[in-house]
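For reference, the structure is listed below as structure tokens.
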Ligand SMILES: [Zn+2]
Ligand SMILES: [Zn+2]
């Protein structure tokens with residue numbers, strides 16, 4: 294029955310590659326040609342923060358980047374599906390700013406895939422909160438759209454209420470240090486009961502310096518979260 298329904302659905306709404314429009318096998322999939330243009334993050338990568346290493350680097354089964362090896366990353370795990378470059382940017386930015394929601398299924402799908410080998414247990418999926426001023430302007434929080442199918446996958450609560458964010462000016466092209474200072478103190482936990490003792494997965498479209506994830510992690514831990522993970526569609530990869 295499910296199969297029949299799916300083929301009927303495919304007949305009415307054929308599955309197409311959201312980038313080029315070619316027919317594909319399933320909704321939310323890229324065609325082979327478009328898939329090969331992305332810089333997907335695979336192994337070897339930092340076991341903790343997911344920072345991609347050069348392909349020929351052999352550091353064992355749970356390698357750490359210098360940043361995580363020195364204990365600077367307090368999250369349990371961070372993962373991103375692909376590297377932020379001209380290809381991923383052409384999906385991420387229209388999705389974020391121009392209501393190009395046709396990319397949502399693809400982005401959520403690859404984010405779920407990049408978490409698969411961690412076998413995480415997740416109680417709460419938390420999209421990175423936007424300040425109300427921004428939600429009013431944009432009409433939606435792009436992280437919430439990405440988080441919905443992810444919460445469903447983990448059979449977890451999608452929590453858009455427990456943490457709020459103050460409005461601050463855009464960070465633009467600032468240094469990592471400036472980004473951290475700018476984001477410090479912007480989040481506050483409004484309902485600790487929803488956070489205390491919970492394993493929380495933070496969701497965002499892009500990880501730039503990690504400052505947003507680190508700051509959210511700080512307030513979630515303070516509110517008693519028992520584990521904090523983060524996942525983004527793409528991440529900026531600086532040389533380290
Ligand atoms: Zn395509
Ligand atoms: Zn790392």
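Residue numbers (the numbering used here): 294 to 533. Built from N, CA and C at the ideal position, the CB exists for glycine as well. Please read all numbers here as calculations on a predicted model, not as lab measurements.
Three-state secondary structure assigned by DSSP to residue i
i, result
"residue 316", "strand"
"residue 405", "helix"
"residue 440", "helix"
"residue 488", "coil"
"residue 359", "helix"
"residue 419", "strand"
"residue 454", "coil"
"residue 388", "helix"
"residue 381", "helix"
"residue 498", "strand"
"residue 305", "helix"
7 Å Cβ cutoff met for residue i and residue j
i, j, result
"residue 262", "residue 358", "This structure cannot speak to residue 262, because the chain is shown only from 294 to 533."
Enclosing alpha helix (DSSP H) for residue i [first to last residue]
i, result
"residue 509", "504-515"
"residue 429", "425-431"
"residue 476", "469-476"
"residue 333", "No alpha helix (DSSP H) holds residue 333; DSSP gives it neither H nor E."
Burial state of residue i, where buried means 16 or more other Cβ atoms lie within 10 Å
i, result
"residue 461", "exposed"
"residue 313", "exposed"
"residue 508", "buried"
"residue 532", "exposed"
"residue 409", "exposed"
Cβ neighbours of residue i in the same chain (closer than 7 Å, five flanking residues each side left out)
i, result
"residue 505", "421, 476 and 497"
"residue 519", "490, 491 and 492"
"residue 324", "310, 313, 315 and 317"
"residue 436", "420, 421, 496, 497 and 498"
Same chain, Cβ closer than 8 Å to residue i, five either side skipped, listed in chain order
i, result
"residue 381", "331, 332, 375, 526 and 527"
"residue 392", "432 and 433"
"residue 416", "449, 450, 491, 492 and 493"
Contacts around residue i, its chain only, beta-carbon distance under 6 Å, and the 5 residues preceding and following it disregarded
i, result
"residue 456", "422, 480 and 482"
"residue 367", "510"
"residue 512", "480 and 482"
"residue 484", "455"
Where the beta strand (DSSP E) through residue i begins and ends
i, result
"residue 372", "370-376"
"residue 527", "520-528"
"residue 482", "480-482"
Cβ-heavy atom distance, residue i to ligand 3, below 6 Å
i, result
"residue 375", "Summarising the ligand content, the structure contains ligand 1 and ligand 2 and does not contain ligand 3."
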